[in-house]
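Quick notes on the structure that follows.
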Amino acid sequence: MGEANSFIQAVPLEYFIILSSVLFSLGVLGVLIRKNAIIILGCVELMLNSVNLMLAAFSSYKGDGNGQILVFFIMVVAAAEVAVGLAIIAMLYRNTKSVDISIFNKLRG
Numbered sequence: 000m001g002e003a004n005s006f007i008q009a010v011p012l013e014y015f016i017i018l019s020s021v022l023f024s025l026g027v028l029g030v031l032i033r034k035n036a037i038i039i040l041g042c043v044e045l046m047l048n049s050v051n052l053m054l055a056a057f058s059s060y061k062g063d064g065n066g067q068i069l070v071f072f073i074m075v076v077a078a079a080e081v082a083v084g085l086a087i088i089a090m091l092y093r094n095t096k097s098v099d100i101s102i103f104n105k106l107r108g
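Residue numbers for the sequence shown, in numbering that gives the first Met the number 0: 0 to 108.
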């Protein structure tokens with residue numbers, strides 16, 4: 000455990016911050032630009048994983064395991080979000096034969 004921790008601490012913390020910021024920005028850009036519901040869910044997952052990377056990096060540099068425990072809970076919530084989201088998208092695809100989010104507002108009752 001100490002060997003892996005020293006390896007992560009050998010990389011400067013700024014690199015993790017830059018990588019996480021780039022990944023989060025790409026996720027936000029994908030959510031705002033794309034119209035495919037499956038790609039939007041993937042971009043939300045990318046944003047969650049960038050936050051997980053930041054939490055794990057800060058937790059490792061601080062030497063505390065609380066951030067890594069929080070990463071585990073975020074991963075569980077993200078997996079549940081994907082399962083529910085894909086089920087909703089599958090149901091909407093069955094009704095509309097499309098995963099384009101611009102037509103989903105026509106489903107109001």
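Yeah, the Cβ is synthetic: ideal placement off N, Cα and C, and Gly gets one too.
Whole angstroms is fine: what's the gap from residue i's alpha carbon to residue j's?
i, j, result
"residue 37", "residue 80", "12 Å"
"residue 74", "residue 95", "31 Å"
"residue 45", "residue 28", "11 Å"
"residue 24", "residue 41", "13 Å"
According to the Cβ coordinates, are residue i and residue j closer than 8 Å?
i, j, result
"residue 98", "residue 87", "no"
"residue 60", "residue 22", "no"
"residue 49", "residue 84", "no"
"residue 77", "residue 47", "yes"
"residue 30", "residue 10", "no"
Looking only at its own chain, which residues have a Cβ that is under 7 Å from the Cβ of residue i, when we skip the five neighbours before and after it?
i, result
"residue 34", "99, 100, 101"
"residue 70", "51, 54, 55"
For residue i, would you say it is in contact with chain D, using Cβ-to-Cβ distances shorter than 8 Å as the test?
i, result
"residue 88", "Considering every chain present, this structure includes no chain D. It has just one protein chain."
So, for residue i: in the same chain, excluding its five sequence neighbours on each side, which residues have a beta-carbon less than 8 Å away from its beta-carbon?
i, result
"residue 92", "98"
"residue 39", "29, 30, 33, 100"
Within the same chain, show all residues whose beta-carbon is closer than 6 Å to that of residue i, passing over the 5 residues directly before and after it, in chain order.
i, result
"residue 58", "66, 67"
Practice prompt. Say whether the segment 11-18 touches the segment 45-60, bearing in mind that this needs 3 or more beta-carbon pairs closer than 8 Å, one atom from each stretch.
Written response: yes
Practice prompt. Inspect the CB distances between the segment 87-107 and the segment 66-76 and report whether three or more fall short of 8 Å.
Written response: no
Discussion item. List, from N- to C-terminal side, the alpha helix (DSSP H) runs of 4 residues or more that fit wholly inside the segment 8-69.
Written reply: 12-32, 36-61
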